[in-house]
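Colleague: Following this message is one structure expressed as C-alpha cells.
Number of protein chains: 2
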Amino acid sequence: MATDSSAPAAHVGLRESKKQETRQLISDHATRLFIEQGFERTTIAEIAEVARVAKKTVTNYFARKEDLALDHQDAFVASLAAIVTGREPGESALVALRGAFVAAAAEASPVAGFAGPAFSRMIADSPTLTARLRDLHDLREAALAEALAKATAAGEGDITPRAAAALFGAVHRTLFQRIQELTLAGEDNSRIAEVVTAEAAVAFDLLEPSLGDYATA
Amino acid sequence: MATDSSAPAAHVGLRESKKQETRQLISDHATRLFIEQGFERTTIAEIAEVARVAKKTVTNYFARKEDLALDHQDAFVASLAAIVTGREPGESALVALRGAFVAAAAEASPVAGFAGPAFSRMIADSPTLTARLRDLHDLREAALAEALAKATAAGEGDITPRAAAALFGAVHRTLFQRIQELTLAGEDNSRIAEVVTAEAAVAFDLLEPSLGDYATA
DNA sequence: GAGCAATCTTACACTCGTAGCAATTTTATG
DNA sequence: CATAAAATTGCTACGAGTGTAAGATTGCTC
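Protein sequences appear in the order of chains D and V.
Counting from 1, position 166 in the first sequence corresponds to residue 166 in UniProt numbering; the numbering is continuous, with no gaps.
Counting from 1, position 145 in the second sequence corresponds to residue 145 in UniProt numbering; the numbering is continuous, with no gaps.
In C-alpha cells:
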C-alpha cells in the first residue's frame, strides 16, 4: 500500500499504469470468485479466464495463490512495529500497543481482524489461507521484536525483546482471532468492538504487571 | 502414539506388523534422503523408488509430504496440555511449565526443539517444513488453552485461558526457536541447554508477576 | 517518426503433490 | 480350501507453480 511519494507529479508512465490496472483487474476477479465459490474451489486458470489474461500472467503478478486473496500484507506485518516506533515520549510499549488496538477496534480496522462475514468465511474455510495468516502473524511478531530491540537498546544475545514481542504478538493474535470468530458468528462490527475491547482489557491487564514499564520511550 | 491397550497380549497380527514395517521403511528412507539432499529437492517418487514400493503406497501412509519428515506430532501437540493436566497439587501452571521446560532442556528432548544439526538444517532450509512446524505450535497452544480452561473451570466466554495459553505458548515457541538457532550455530547440546535454561529463567520471570498464581492446582 | 531496446504478455511444456479408481496381491477366518 | 477383508499397485487426472522462447507493447533516441 505504501506508494512512492518521492515522485510527486512525475511521469506515471503508460506501462506502469497499465501494469497497475492489470494487477487490479486480476485481483478483483480473484477476490470475487474466492468469495463466491471459496478459495480452494477456485483455480488460477479460472481466474485467468474471467480476467481474460494468460494463466502465466496471473502467476507472474502473484507468486502464490494466497497473495490473490490477502491484500495489504506489508502494512499488516509492519503494524505493531510501527506502533512501538511511533509511540509518544514517556509511553511504554504496552500502553501504545493497547491504545492502538482499542483504536483499531473502534474503527473496525482490517489490520485488527475486521474483514466482513464473507471474507472471514473465505479465510476460515481455507486451510491454505489460514496457514498464510499464521505466517503473517509470525512475520509481524518478528518485526515487533526488532523494533523492541532497537527501542530498548538490547544486546544481541538478549532474548527479552523477542520474548516480549512474542507476548504482545500473542495477545494481538488472540484478539484478531476473536474478531474473526465473532464476525463468523454474525455479530456486527460495533458489537464486536464492544466485546473485544473488554477482552483486550483483560488480556493487557494480564500483561501489565510483567511488561507495564517495558520499553518506555 | 496411543496404541490400543485393550488387546494386551493378543494377536499382533502379521498384517498389522507388516504395515508397521512398511511404514517405518518408507519413513527411514525418506528421512535419509531429506537430510542428504534437502526436503524440497527430494520427490515422493524418489522415496518410493528407494523404498521399493509404489508411489501411491507412500501417499497412502503419509497424507502430506511433511508427515514423512516430522514424527511424533501428536506427542508434541499434546505436550504442554499434558504438563498442566498432570501438574502436582498446589503447583501453578507456570511452575509446572517452567519446570518441564528446564527438564526437557537438560535431557535434550526433541519436544523442546533438540533435533541435531542435520535435521535442524533440513527444517530451516524448507519453507514447507517451517510452516508445518508453526502449525504444530499453534495446535499445541490450542490444546493448552483447553487444558487451562478445564483446570480453571473458566466459563465459555472467558478469554483468560486462551490468552494465558497464548503467552505460555509464545515463551515455549521462542525457546524452541532458540534451540534450533543454537543447533544451527554448531553449539553442542549441553551448551545449548545451559544457554536456553538461562533464557528460560528470563522469560518465565517476565511472566511471573502476571501468571505466577494462575491455574494453581 | 522510425527504429531499436526494454519489458510485458502469452503459449507451451514440464515437474510435483495429491486424489480417485479398479485390478491385483496378500492376509485372515470359517 | 474357499471366501471375505484389506493392503498394494498402476493408471489417470487435476491443480499449483516454473522455465522458456516467441510475440506484442511501450519507451527512448537519433
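The C-beta atom is built at its ideal place from N, Cα and C for all residues, glycine as well.
With S190 of chain D as the anchor, note down where its alpha helix (DSSP H) starts and where it stops.
Modeller: Looking at the DSSP string, the run of the alpha helix (DSSP H) that includes S190 of chain D is 189-211.
Colleague: Find the nearest neighbour of A30 of chain D within the set D:T174, D:V58, D:L14, judged by alpha-carbon distance.
Modeller: The residue with the shortest Cα to Cα distance from A30 of chain D is D:V58.
Colleague: Report the rounded CA-to-CA distance for E16 of chain D versus L129 of chain D, giving the unit in angstroms.
Modeller: Whole-angstrom Cα-Cα distance: 29 Å.
Colleague: Excluding the 5 residues flanking L139 of chain D on each side, which residues of the same chain have their C-beta closer than 8 Å to its C-beta?
Modeller: The answer, listed in chain order, is V77.
Colleague: Whose Cβ in chain V lies nearer than 7 Å to the Cβ of V84 of chain D?
Modeller: Chain V residues near V84 of chain D: none, gap ~17 Å exceeds 7 Å.
Colleague: Any idea if H172 of chain V is buried or exposed, counting beta-carbon neighbours within 10 angstroms, 16 or more meaning buried?
Modeller: Per the 10 Å Cβ criterion, buried.
Colleague: Give me the residue from V:A154, V:I47, V:R98, V:D67 with the minimum Cα distance to L80 of chain V.
Modeller: Residue V:R98 is the option with its Cα nearest to L80 of chain V.
Colleague: Assuming A105 of chain D contacts A193 of chain D (C-beta within less than 8 Å), just tell me the rounded distance between them.
Modeller: The Cβ separation is near 5 Å, so the contact holds.
Colleague: Determine the contact status of A75 of chain D and V53 of chain D, defining contact as a CB-CB distance below 8 Å.
Modeller: Not a contact, by the Cβ cut-off of 8 Å.
Colleague: Could you give the first and the last residue of the continuous alpha helix (DSSP H) run that contains S17 of chain D?
Modeller: Run containing S17 of chain D: 14-37, per the alpha helix (DSSP H) assignment.
Colleague: Helix, strand or coil for A215 of chain V, going by three-state DSSP, please let me know.
Modeller: Looking at A215 of chain V - three-state DSSP - the assignment turns out to be coil, as it is neither helix nor strand.
Colleague: Taking only beta-carbon atoms, is L206 of chain D less than 8 Å away from chain V?
Modeller: So, interface residue.
Colleague: Which of the three DSSP states, helix, strand or coil, is assigned to D71 of chain D?
Modeller: If DSSP states are grouped into helix, strand and coil, D71 of chain D belongs with coil.
Colleague: What whole-angstrom Cβ distance do residue 260 of chain V and T22 of chain V have, given they're in contact under 8 Å?
Modeller: This structure cannot speak to residue 260 of chain V, because chain V is shown only from 1 to 217.
Colleague: By the criterion of Cβ-Cβ separation under 8 Å, what are the contact partners of D135 of chain D in chain V?
Modeller: In chain order: A131, R134.
Colleague: Where do the ends of the alpha helix (DSSP H) carrying E107 of chain V lie?
Modeller: Here E107 of chain V belongs to no alpha helix (DSSP H), and DSSP marks it neither H nor E.
Colleague: Taking 8 Å as the CB-CB limit, is L167 of chain D close to chain V?
Modeller: Output row for L167 of chain D: interface = yes.
Colleague: Please list, in chain order, the residues of the region 179-205 of chain V that have any C-beta partner in chain D closer than 7 Å.
Modeller: Here the close residues are E199, V202, A203.
Colleague: Among D:Q20, D:S92, D:E40, which has the Cα closest to the Cα of D125 of chain D?
Modeller: Ranking the options by Cα distance to D125 of chain D, first place goes to D:E40.
Colleague: Run through DSSP, which three-state label would E40 of chain D get?
Modeller: In the structure shown, E40 of chain D sits in coil (DSSP, three-state: anything other than H, G, I, E or B).
Colleague: In three-state terms, what does DSSP make of I179 of chain D?
Modeller: Three-state DSSP puts I179 of chain D in a helix.
Colleague: Quick check on the burial criterion: 16 or more other C-beta atoms within 10 angstroms. Buried or exposed for K18 of chain D?
Modeller: K18 of chain D is exposed by the Cβ-count criterion.
Colleague: With a threshold of 8 Å on Cβ separation, who are the neighbours of V84 of chain V within its own chain once the five nearest residues in sequence on each side are excluded?
Modeller: Only A93, A96, L97, L144, A147, L148, A151, A215 meet the Cβ criterion.
Colleague: Between the C-alpha atoms of A45 of chain V and K55 of chain V, what's the straight-line distance to the nearest angstrom?
Modeller: Approximately 6 Å between the Cα atoms of the pair.
Colleague: Chain V beta carbons: is any one of them nearer than 8 Å to that of R112 of chain D?
Modeller: Here residue 112 of chain D turns out to be Ala, not Arg, going by the sequence shown. For A112 of chain D, the answer is no, since every Cβ of chain V falls outside 8 Å of its Cβ.
Colleague: What is the rounded straight-line gap between the Cα of D135 of chain V and the Cα of G157 of chain D?
Modeller: Each residue's alpha carbon lies about 27 Å from the other.
Colleague: Give the residues of chain V in contact with D138 of chain D, contact being defined as C-beta atoms less than 7 Å apart.
Modeller: Under the 7 Å cutoff, chain V gives R134.
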